[in-house]
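Visitor: This is the structure I have questions about; it appears just below.
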Amino acid sequence: MNSRYLLACESSCDETAFTIYDLESNIIIASILDSQIDIHEKNGGVIPELASQCHYKIIGQLLTKILTMSMLSLADISFFAATQGPGLSGALLIGFTFIKAIAWAHKKPFIPINHLEGHIYSAFLSNINIEFPYLCLSVSGGHSSIYLVESFDTYKKLGQTRDDACGECFDKIAKLLDLPYPGGKYIEDITNNSGIFENIRQYPISNLLDGSISFSGLKTAILYDLMRTNNYDKNNKKIKNKVLNEFIVDVAVSTQYCITLMLEHWVLWYLKLYPVESVVMVGGVACNEIIKNRLSRTLASLNINFFSAEKKYCCDNADMIALVAAKKIARNDFKHMTYDQGIFNNAFY
Ligand code: KG4
Ligand code: ZN
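Take a look at the structure:
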């Protein structure tokens, strides 16, 4: 059958992923993801060069695997899509040029996809009943923004972080506490195991001023708290070995508490300006059940619907890239390649 299958690739950070999407029945027929978390865990964060090497090593094998899983060959694929950015440039280049070269060799359309658009629409992968317009709280390790989303091709960024991303803040604080990457997950686990929001330490909650938010002040306040309480090893730039576990738990719980309140204040600020009926939370931080429960309760009390992307779609994946590409194909909203020029021209940017 003609023009039926789309192959999408994501490689913007520490996940290499492919999805094959059936454009006729609008379903994902195969999806595969290789996470580098166990490699970056011990370094307390993603090392860009190491991430690029991991993508490079695995990408060919993953492509072979997904084609085998779906019993298709490259010749069966009618459209190719890959994340263009934003993200780590070395990591992006590997997925992007790999897929672009295959599309060029097969003389098929190649569709570059914005990673953030992937996140914005990711909740549709499991909640098909979300109605436009909605506010999208998109919070991950690389970005933190609130959007007004009006349709599959119209959205507007309303506010963003002035400094660190929300997930980055979790990760940096976790690193200070000598907890592994991804910090948000470990801080949430500690909070859940400790009994929620007890012994809160007094850290500042970002003042919204113009609707933008700041996360770096929280990290700095925690660093000063560690130094003031003589718990910080300046030479090794981390918490001292002898620090009591109860202290680490209190700092982790306080981090979870502050970030939860900051995100809630932020959403409520924009709801006053844009009184929509639904709020959708996406991105890696949307894995955090404590934040989601709080937002869901607060919004329910205001008669506002709350949706979030399913956990498997919160962190980076190629399903969300395939979904955005499929919508673009349906609208014919992409540039067609010209085959009379070399692959390294800009013909299809
Ligand atoms: O969306 P994502 O996989 O990659 C980016 O596009 O950045 O998000 C990764 C981020 C990390 O900063 C990580 O700490 C955060 O998502 N994260 C969490 C949780 N799980 C992952 N943050 C809070 N709570 C979690 N359970
Ligand atoms: Zn992402």
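Take 35 as the starting number for the sequence shown in the working numbering and just add one per residue. Here a beta-carbon is modelled for each residue, glycine too, at the ideal position from N, C-alpha and C. Note that the coordinates shown come from a computational prediction; the quantities given were computed from them, not determined experimentally.
(1) Quick check on the burial criterion: 16 or more other C-beta atoms within 10 angstroms. Buried or exposed for tyrosine 383?
(2) Using a Cβ-Cβ cutoff of less than 7 Å, which residues in the same chain neighbour asparagine 380 once the five nearest sequence positions on both sides are dropped?
(3) What's the C-alpha gap between isoleucine 293 and cysteine 348?
(4) Helix or strand or just coil, what does DSSP make of valine 183?
(5) Between the beta-carbon of glutamate 344 and the beta-carbon of glutamate 165, is there less than 9 Å?
(6) Using the Cβ count rule (16 or more neighbours within 10 Å means buried), how would you classify glycine 175?
(7) If we ignore side chains and look at the alpha-carbon of each, how far apart do arginine 331 and threonine 98 end up?
(8) For alanine 157, name the three-state secondary structure that DSSP assigns.
(9) Determine the extent of the beta strand (DSSP E) in which isoleucine 162 is found, giving its start and end residues.
(10) For serine 228, collect the residues of the same chain with a Cβ closer than 6 Å to its Cβ; drop the 5 residues on either side in sequence, then sort them by chain order.
(11) For a test of the three-state rule: what should DSSP assign to proline 146, helix, strand or coil?
(12) Suppose the cutoff is 7 Å on Cβ atoms and the five residues either side in sequence are ignored; what does the same chain contact list for leucine 84 look like?
(13) Answer yes or no: the CB of glycine 175 versus the heavy atoms of the ligand ZN, is any distance below 8 Å?
(14) Compute every distance between the C-beta of cysteine 200 and the non-hydrogen atoms of the ligand ZN, then say whether any falls below 8 Å.
(15) When you measure from the CB of serine 46 to every non-hydrogen atom of the ligand KG4, does any distance come out below 8 Å?
(16) Return the bridge partner residues of threonine 50 from the DSSP annotation.
(17) Determine the contact status of asparagine 356 and threonine 53, defining contact as a CB-CB distance below 9 Å.
(18) Should histidine 370 go down as buried or exposed, given a rule of 16 or more other Cβ atoms within 10 Å for buried?
(19) Classify serine 335 as buried or exposed, calling it buried when 16 or more other Cβ atoms lie within 10 Å of its own Cβ.
(20) In terms of alpha-carbon separation, which member of Asp205, Leu211, Ile234 and Gly245 lies closest to glycine 217?
(21) Quick one: grab the DSSP three-state call for valine 285.
(22) Could you give the first and the last residue of the continuous beta strand (DSSP E) run that contains cysteine 348?
(23) Who are the near neighbours of isoleucine 63 in its chain, counting only those whose CB is closer than 6 Å to its CB and skipping five residues on each side?
(24) Just checking glycine 94 against the ligand ZN - is the residue's beta carbon closer than 8 Å to any of the ligand's heavy atoms?
(25) Examine the ligand KG4 and report whether any of its heavy atoms sits within less than 8 Å of the Cβ of glutamate 49.
(26) Output the distance between the C-alpha atoms of serine 160 and methionine 354, rounded to the nearest integer angstrom.
(27) Whole angstroms is fine: what's the gap from histidine 89's alpha carbon to lysine 306's?
(28) Specify the secondary structure class of serine 246 as computed by DSSP and reduced to three states.
(29) Would you say the beta carbon of cysteine 88 is closer than 8 Å to some non-hydrogen atom of the ligand KG4?
(30) With a threshold of 8 Å (Cβ to nearest heavy atom), would histidine 153 be considered close to the ligand ZN?
(31) Determine the contact status of aspartate 48 and alanine 125, defining contact as a CB-CB distance below 9 Å.
(32) So, at 7 Å on beta carbons, what are the nonlocal neighbours of serine 156 in its own chain, with the 5 sequence-adjacent residues on each side left out?
(33) Just to confirm, does aspartate 350 get its C-beta within under 8 Å of one of the non-hydrogen atoms of the ligand SAM?
Guide: In terms of the structure at hand:
(1) Residue placement at tyrosine 383 is flagged as unreliable, the pLDDT there being 38, under the threshold of 50; the coordinate-derived value follows with that caveat. Exposed.
(2) A caution first: asparagine 380 carries a pLDDT of 47, below 50, which makes its placement in the model too unreliable to give a value.
(3) Roughly 18 Å separates the two Cα atoms.
(4) When DSSP states are grouped into helix, strand and coil, valine 183 belongs to the strand group.
(5) Not in contact: glutamate 344 and glutamate 165 (Cβ atoms no closer than 9 Å).
(6) Counting the other CB atoms within 10 Å of its CB gives glycine 175 a total of 16 or more, which places it among the buried residues.
(7) Cα to Cα, the separation comes out at about 45 Å.
(8) Of the three classes helix, strand and coil, the one that applies to alanine 157 here is helix, per DSSP.
(9) Careful: isoleucine 162 lies outside any beta strand (DSSP E) and carries neither H nor E.
(10) For serine 228, same chain residues with a beta-carbon under 6 Å away, outside a window of 5 residues either side, are Val283 and Val287 in chain order.
(11) In this structure, proline 146 counts as strand in the three-state DSSP scheme.
(12) Cβ within range, chain order: Ile73.
(13) Yes.
(14) No, Cβ of cysteine 200 sits at least 8 Å from all heavy atoms of the ligand ZN.
(15) Yes - the ligand KG4 has a heavy atom lying nearer than 8 Å to the Cβ of serine 46.
(16) Bridge partners of threonine 50: Asp68.
(17) Residue identity check: residue 356 is alanine in the sequence provided, not asparagine. It is a contact, given that the beta carbons lie within the stated cut-off.
(18) Exposed: under 16 other Cβ atoms inside 10 Å.
(19) By the Cβ-count criterion, serine 335 is exposed, with fewer than 16 other Cβ atoms from all chains shown falling within 10 Å of its own Cβ.
(20) For glycine 217, the nearest C-alpha among the options comes from Asp205.
(21) Three-state result, valine 285: helix.
(22) Bounds of any beta strand (DSSP E) do not take in cysteine 348; it lies within the alpha helix (DSSP H) bounded by 345-348.
(23) Residues Ile54, Asp56 and Ser104 of the same chain have their beta carbon placed closer than 6 Å to that of isoleucine 63, with the five preceding and five following residues left out of the count.
(24) Outside the cutoff, so no.
(25) Under cutoff, so the answer is yes.
(26) Their backbone Cα atoms lie some 11 Å apart in a straight line.
(27) The C-alpha of lysine 306 is placed about 43 Å away from the C-alpha of histidine 89.
(28) In the structure shown, serine 246 adopts coil according to DSSP, grouped into three states.
(29) Of the heavy atoms belonging to the ligand KG4, none sits nearer than 8 Å to the Cβ of cysteine 88.
(30) Correct: histidine 153 has its Cβ closer than 8 Å to the ligand ZN.
(31) Taking 9 Å as the Cβ cut-off, aspartate 48 and alanine 125 qualify as a contacting pair.
(32) Close CB contacts of serine 156 within its chain, under the 7 Å cut and outside five residues either way in sequence, are with Val316, Ala343, Tyr347 and Met354 (chain order).
(33) Ligands displayed in this structure: the ligand KG4 and the ligand ZN; the ligand SAM is not among them.
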